[in-house]
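Numbered by this note's numbering, the letters in the sequence shown go through residues 64 to 196 in order.
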Amino acid sequence: LSFTLKDMRGQDVKMAGLKGKVVLLNFWATWCAPCRMEIPWFVELQETYRARGLQVLGVSVDDPPEKLPPFAAEFKVNYPLLVGADRDDVQNAYGPIFAVPITVIIGRNGRVCVKHIGPVTREQFDSEIKALL
């Protein structure tokens with residue numbers, strides 16, 4: 064969790080500041096149909112478990128920053144959307160990211176506990192998050 068990424072508004076988000084939280088890190092793209100299916104689940108999970116220490120982060124792997132605010136508004140995204148295009152260091156640390164969606168769940172200790180390549184069910188995400196909270 065030693066990375067700093069820009070969010071969709073150009074603000075720095077320091078991953079190290081999330082230590083002690085359970086982090087759901089989702090690598091996605093606006094054009095990806097399975098990603099679009101999962102995002103409403105992440106919105107629900109963020110709302111449900113925020114108070115217990117969950118932080119969802121979406122890392123857009125190839126969209127320009129200006130595409131993210133309209134997307135966030137359309138999907139009512141309640142968690143930071145980060146710009147991951149041209150950030151091979153981040154993508155390689157959790158990847159390689161050769162397809163999306165890829166979702167990594169990081170425990171409070173900063174270690175990767177679960178990695179999903181491709182979409183999974185909302186129930187599976189819910190179960191994995193509850194086990195770490």
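C-beta atoms are modelled at their ideal positions from N, C-alpha and C, and glycine is treated no differently.
Where do the N-terminal and C-terminal ends of the beta strand (DSSP E) with K69 fall, by residue? T67 to K69
Mind checking which residues open and close the alpha helix (DSSP H) that includes C98? A96 to Y112
Check whether the Cβ atoms of V41 and L68 sit closer than 8 Å, and answer yes or no. Only positions 64 to 196 of the chain appear in this structure, which leaves residue 41 out of reach.
Can you check DSSP and say which residues form a bridge with I192? DSSP, once it has assigned bridges, lists no residue as partnering I192.
Please list, in chain order, all residues of the same chain as R150 whose beta carbon is under 7 Å from its beta carbon, the five residues on each side excluded. L68
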